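These notes concern the structure reproduced below.
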Amino acid sequence: MLGPIAWRTPPRHYGPWELVTSLITEGLAARGVDVTLFATLDSITKATLDGVAPAGYEENDEIDGRVWEALHVGHALARSGEFDIVHNHLDWLPLAFSRLCAAPMVTTIHGFSGANILPAYRRARSHFVSISDSDRSPDLDYLATVHHGIDLDGLPVHLSGGEDLILFGRIHPDKGTDLAIEIARRAGRRLVMCGIVQDRGFFEELIEPRIDGDRVVYLGSVGPDERGTILGSGLALLHPIRFAEPFGLSVVESMACGTPVVAYRKGSMPEVVDEGVTGRLVTDVDEAVAAVERIGELDRAACARRARERFSADRMVEDYLTIYRKIVS
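With the working numbering, the residue at position 165 of the sequence shown is 177, and numbering never jumps.
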């Protein structure tokens, strides 16, 4: 399991790729599969841990991500002949050297940062797995689509919910943080925001001046111990994205807690959200405000039940086991 090294695996708070890598690794190990996780050396796993980077480069200013990702990939591929499968979660860099990999490679594409990285994918010797049908590139062939799974044990169902609107994700224009504030204001609801600040200028100009600790509350980036409580306490999760979201872990985490989602109809959202069951799909602020006003009509128990049926980590692990068997058979 060739994991990313931006953050520890599993992440302390933010790190969606590391989180998914961890859930697959631990699920395989629990099934008796002999797994070696290549990740930061401070990572926590029941599998065998190997790597070279002492910590995540986003967590330590002394670690140059470009250098240590190259060292990390080189170290893992040097050992690739010892394994039946190399499962790459590290985007394009391992693909540039995939012909040096001595075992079959499968790459989960967690989302494209831009068309400029496609040459590494086109030339790679790897099987590709998309995380949603909407995120597939017409330039690539795919072995399967596997929707992400989540740790349901850490996301208890909250049938009562609350009155607040929740925003969970990077503070960045793509995520529509400013739109969420406007939706909450017009709906007359308090907004609770959680997430890392990824665009400092956007935050300082448009977001920070509107955080008053009363109607708009910012809790920072929260870890797994708090996610379930915060998500479950909401009336709804807002997801007014400006880009084609490849998947959206916070969306399914919220739904699994019983808190429905009001999401913009972009990217994977029509795949992930069951309209009228786990949330509402909208196109603009006006529709989002109207959806918030009627979100109480949705059955929180039905919302949680549907999300837990579709997005368990166990289902995800079984999907990948099926893929591995296809490759090595």
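Positions of the beta carbon are idealized from the N, C-alpha and C atoms, including for glycine.
Computed from a predicted model, the values in this text were never measured in an experiment.
Delimiting residues of the alpha helix (DSSP H) encompassing residue i
| i | result |
| --- | --- |
| Arg-317 | 312-322 |
| Ser-342 | Residue coverage of the chain in this structure runs from 13 to 341, which leaves residue 342 outside it and unanswerable. |
| Ala-127 | First-last for Ala-127: undefined, no H or E at that position. |
| Val-45 | Taken as a continuous stretch (DSSP letters only), Val-45 belongs to no alpha helix (DSSP H), as it is neither H nor E. |
Local Cβ density within 10 Å of residue i, reported as buried at 16 or more and exposed below that
| i | result |
| --- | --- |
| Pro-131 | exposed |
| Pro-252 | buried |
| Ala-346 | The structure shown does not extend to residue 346, since the chain spans only 13 to 341, so no value can be given for it. |
| Asp-7 | There is no way to answer for residue 7, as the model of the chain reaches only from 13 to 341. |
| Thr-57 | buried |
| Asp-296 | exposed |
| Val-79 | exposed |
| Arg-43 | exposed |
Through-space distance from residue j to residue i, alpha-carbon basis
| i | j | result |
| --- | --- | --- |
| Pro-258 | Phe-140 | 15 Å |
| Gly-126 | Lys-338 | 30 Å |
| Ile-183 | Tyr-230 | 10 Å |
| Ala-51 | Arg-320 | 28 Å |
| Ile-208 | Gly-232 | 6 Å |
| Pro-419 | Arg-239 | The structure shown does not extend to residue 419, since the chain is modelled only from 13 to 341, so the question has no answer here. |
| Ile-313 | Ser-266 | It is Ala, not Ile, that sits at residue 313 in the sequence shown. Spanning the two alpha carbons is a distance of roughly 12 Å. |
| Leu-203 | Val-98 | 42 Å |
| Glu-81 | Ala-303 | 43 Å |
| Arg-318 | Gly-288 | 11 Å |
| Ser-146 | Cys-269 | 25 Å |
| Phe-180 | Asp-96 | 38 Å |
Residue-level contact to chain D via CB, residue i, 7 Å cutoff
| i | result |
| --- | --- |
| Phe-323 | Protein chain content of the structure displayed is limited to a single chain, and chain D is not contained in it. |
Residue(s) in a DSSP beta bridge with residue i
| i | result |
| --- | --- |
| Glu-287 | Gly-291 |
| Ile-162 | Ser-324 |
| Ile-183 | Val-209 |
| Phe-259 | Paired residues: none, contrary to the question. |
| Phe-50 | Leu-14, Asp-62 |
| Ile-195 | Answer is none; Ile-195 lacks a bridge partner. |
| Ala-12 | In the structure as shown, the chain begins at 13 and stops at 341. Residue 12 is therefore absent and cannot be evaluated. |
Delimiting residues of the beta strand (DSSP E) encompassing residue i
| i | result |
| --- | --- |
| Met-205 | 203-206 |
| His-139 | 139-142 |
| His-99 | 98-100 |
Which parts of the region 213-250 are runs of the beta strand (DSSP E), unbroken and 3 residues or longer, counting only runs that do not cross its ends?
-> 228-230
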